[in-house]
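Here is the structure we will look at, set down as structure tokens.
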Amino acid sequence: MFALVDCNNFYCSCERVFNPALRTSPVVVLSNNDGCIIARSNEAKAMGIAMGTPFYQVKDMLERNKVAVFSSNYTLYGDMSRRVMMLLSEFAPDVSQYSIDEAFVDLSGFGSGDMLREYGMKIVRAIGKGTGIPVTMGIAPTRTLAKVASKYGKRFKGYHGVCLIDTDGKRIKALQGLDVADVWGIGRRSVSKLNYYGVHTAYDLVQRSESWVRKMLTISGVRTWRELHGESCIDIEELPQKKSICTSRSFADEGLSELCHLEEAVANFASSCSRKLKQQHSCCGAVTVFAYTSRFRTDVPRRAINHTSVMTVPTNDLRELVSTAVDALRSQWPVDTCRFKKAGVIVWDICPDTAVQTYLFDKVDRAKQARLAAAIDCINRKNGYGMVKIAVQGTGNDWHLKHEHASQRYTTDLNEIIKVKA
């Protein structure tokens, strides 16, 4: 039996933990530069606020209805996610984090029926009490069905946060009421194709033959089909790694016109890509740096930078990626003055870090490089991301994101902890 533990409205819940007065009030969280709404509490959803709505379009309406608005605070959200996962690991030995607010837990051997559901309730209560984050748990024989159970656990309060699918009757009933678009692993393009052939619910899909599913959805769709039948055949560790990783940002106001400021931004983007590569135990063989001016301004000339550098040896080293990205930016910098509104770094041609093709005439001491990288990573893990960084990464003060509604970093910065007056 597998359980999917899913934090409810995670970003909004994180903000509510440190401001209990908001627990029954509508809350929304904005994207980078306070652009769009990317998280909504249930109260905000009930008001008809759609995901991805540009903030400027609904700003007046949010103020009239006294909706609490927050800029994205990823430092806080990441640390709260870590706390949730640490608590989960105390209840089961096999916990696989799937995203910042989701994790699969192997509950094999923890009982069945009411006993298993009661154990799930215990976990839900412990996380709520230990972190203040409300979670929903879906329990089923496969990970895909656990996702289905989690959706029902969120939809109906009668489950009290834990939905268990442990019989064939429960499985069929759950699939009959689930839109095929809500099935984990069914993409948006596939949904329209399935609807064309009369497949509208998850139950409609499992009624089709395996050969038909293979023809429509390839082998990955067959795995999903089997999981919906109750056969476990998807392992989180076997899911394909990302073929490319991109870190980019839009800059506030009119953008950046100074090379030194854009260098800082690009260096930090490359650093983020390096960290993500290490998290999935891979290396990249090429780095692309891009930047462009606003597409909507007609009163200034348009400029664009797009430069790809091929690495001699695939790498995930912080210094090497930052140096490559910054050098590429400098080589493409225009002679005339212009304001770049967005920039980013893409690392691609990704391979596992255990299968790196070396180069006979490589001038880099890879063993020394690896030891230094391990030391830097160790310091940053203990003291916080960015404690040790490349000088060109700077402080970020000259290209900071727009955060007019930012909350405090309550759990990671001593200067921003909650102060209690007795």
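Every position in the sequence shown, counted from 1, becomes a number in the working numbering once 4 is added.
Note that beta-carbon positions come from the ideal geometry of N, C-alpha and C, so glycine has one too.
Small disclaimer: the values here were computed from a predicted structure and weren't measured.
Simplified DSSP assignment, three categories, for residue i
i: Tyr352; result: Per the sequence shown, residue 352 should be read as Trp rather than Tyr. Note: Trp352 maps to strand in three-state DSSP.
i: Glu106; result: strand
i: Val392; result: coil
i: Val360; result: coil
i: Ile383; result: helix
i: Phe273; result: helix
i: Cys250; result: strand
i: Asp183; result: strand
i: Thr205; result: strand
i: Val33; result: strand
i: Ala256; result: coil
i: Lys346; result: strand
i: Ser100; result: strand
i: Ser327; result: helix
i: Asp366; result: coil
i: Pro24; result: helix
i: Val339; result: coil
i: Ser213; result: coil
Residue j beta carbon less than 9 Å from that of residue i
i: Leu221; j: Thr205; result: no
i: Val73; j: Val32; result: yes
i: Thr328; j: Asn310; result: no
i: Thr316; j: Gly234; result: no
i: Val128; j: Thr140; result: yes
i: Thr297; j: Phe273; result: no
i: Ala130; j: Leu168; result: no
i: Val88; j: Asp98; result: no
i: Ser2; j: Thr341; result: Because the chain spans 5 through 426 in this model, residue 2 falls outside it and cannot be assessed.
i: Asp357; j: Cys277; result: no
i: Val71; j: Ser100; result: no
i: Gly398; j: Arg343; result: no
i: Leu34; j: Ser76; result: yes
i: Gly390; j: Thr416; result: no
Integer Cβ distance of residue i from residue j, believed to fall under 8 Å
i: Val184; j: Val166; result: With a Cβ gap of about 25 Å, Val184 and Val166 do not count as contacting.
i: Cys16; j: Ala43; result: 5 Å
i: Arg212; j: Val226; result: No, Arg212 and Val226 are not in contact; Cβ-Cβ is about 11 Å, not under 8 Å.
i: Ala150; j: Ala377; result: Wrong, their Cβ atoms sit about 37 Å apart, outside the cutoff.
i: Ala308; j: Val396; result: Rounded, the Cβ-Cβ distance is 22 Å, inconsistent with contact.
i: Cys237; j: Gly289; result: With 8 Å as the limit, Cys237 and Gly289 do not qualify as a contact, their Cβ atoms being about 31 Å apart.
i: Gly117; j: Asp170; result: 6 Å
Identified DSSP bridge partners for residue i
i: Ile309; result: Ala295
i: Thr415; result: Per DSSP, none; premise fails for Thr415.
i: Met141; result: Val9, Val166
i: Thr319; result: Cys288
i: Cys237; result: Per DSSP, none; premise fails for Cys237.
i: Val314; result: Ala290
Cutoff 9 Å: residue i Cβ touching any chain C Cβ
i: Gly181; result: The chain inventory of the structure shown lacks chain C, comprising one protein chain alone.
- Any chance you could list the alpha helix (DSSP H) runs of at least 4 consecutive residues sitting entirely within the stretch 39 to 88, in chain order? 46 to 50, 59 to 68
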